[in-house]
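Participant: Dropping a structure here in structure tokens format, bear with me for questions.
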């Protein structure tokens with residue numbers, strides 16, 4: 001048994017595809033927290049290494065502390081090198097370069113703060129930081145996925161699997177892949193799987209991996225869910241606290257009863 005940390009079992013699907021690979025490489029664009037809902041934590045704990053890109057300074061510091069074996073980069077990713085205004089949504093993974101996305105989050109009452117960030121291209125990250133073989137590329141940029149993808153040279157850089165968050169931020173849950181998916185498909189990738197939140201693509205030269213996406217996560221993947229385990233631990237701690245309180249109350253009643261007898 002192993003532990004799935006990802007938000008939507010993305011790591012389960014990837015672990016199935018890479019079951020025979022002891023040590024691999026990932027690139028995580030929009031890495032957010034190194035532990036919470038992390039697609040890459042299972043792989044890091046298993047000996048993999050990678051490149052994490054996270055412009056939020058708090059979560060970048062967390063990555064530096066928790067992922068010393070990885071390359072951690074503190075900037076945003078876009079269509080060209082520049083500087084831009086990012087809206088940080090505190091205590092979430094919803095920070096965004098997209099002003100419309102930020103405005104919709106503000107309407108829902110999320111605490112926000114704006115800051116200037118450096119923007120780099122995905123080509124420059126792969127050229128300068130990634131090794132020649134990248135086993136999976138994960139992209140989650142809260143509305144900026146198109147800017148990240150359409151200028152990325154997928155003929156030159158060939159991650160074996162690409163997964164992209166393809167549901168627009170917000171409550172409407174609209175799919176957003178129509179603006180960037182054609183670039184991936186034209187670059188000799190095949191669509192493999194949609195999990196309700198992300199779309200997975202497999203490089204044509206690794207088309208044998210596509211078979212691992214035939215069915216969703218299931219009992220044969222043999223995993224525990226981290227957030228359920230944490231909830232179980234919290235409930236157990238609460239139960240023990242209540243039991244301790246109950247025992248203390250019982251002993252108090254016994255003490256009072258004995259004093260009355262005396």
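Numbering (full-length UniProt numbering), first residue to last: 1 to 262. Note that beta-carbon positions come from the ideal geometry of N, C-alpha and C, so glycine has one too.
Figure out for me which residue from 177, 182, 207, 148 has the closest Cα to the Cα of residue 198.
Facilitator: With distances taken between Cα atoms, residue 198 lies closest to 177.
Participant: When the Cα of residue 22 is compared with those of 29, 14, 28, which residue comes out closest?
Facilitator: Residue 14 is the option with its Cα nearest to residue 22.
Participant: If distances are taken between C-alpha atoms only, which option among 127, 194, 230, 131 comes closest to residue 162?
Facilitator: The residue with the shortest Cα to Cα distance from residue 162 is 194.
Participant: Measure the beta-carbon distance from residue 50 to residue 33 and round it to whole angstroms, keeping in mind my assumption that it falls under 8 Å.
Facilitator: About 15 Å; that fails the 8 Å criterion.
Participant: Among all the DSSP beta bridges, which residues are the ones paired with residue 149?
Facilitator: Bridge partners of residue 149: none, in fact.
Participant: How about the region 65-83 and the region 40-50: do they share at least three Cβ pairs that are nearer than 8 Å?
Facilitator: Yes, the region 65-83 touches the region 40-50.
Participant: Just curious, the beta strand (DSSP E) that residue 191 is in, first and last residue?
Facilitator: Run containing residue 191: 189-194, per the beta strand (DSSP E) assignment.
Participant: Look up residue 174 in the DSSP assignment and say whether it is helix, strand or coil.
Facilitator: Residue state, collapsed to three classes: coil.
Participant: So residue 85 packs on residue 114, CB below 8 Å; how close in whole Å?
Facilitator: Yes, residue 85 and residue 114 are in contact; Cβ-Cβ is about 5 Å, under 8 Å.
Participant: Thinking just about the alpha-carbon of each residue, which of 120, 159, 65 is nearest to the one in residue 83?
Facilitator: Nearest option by C-alpha distance: 120.
Participant: Using beta-carbon positions only, say whether residue 203 and residue 239 come within less than 8 Å of one another.
Facilitator: No, the pair does not count as a contact, with Cβ atoms beyond the cut-off.
Participant: Distance, Cα to Cα, residue 124 vs residue 148?
Facilitator: Cα to Cα, residue 124 sits roughly 11 Å from residue 148.
Participant: Could you please give me the residues that DSSP links to residue 245 through a beta bridge?
Facilitator: Bridge partners of residue 245: none, in fact.
Participant: Let's test the definition: count the other Cβ atoms within 10 Å of the Cβ of residue 228 and tell me whether it reaches 16, buried, or not, exposed.
Facilitator: Residue 228 should be labelled exposed.
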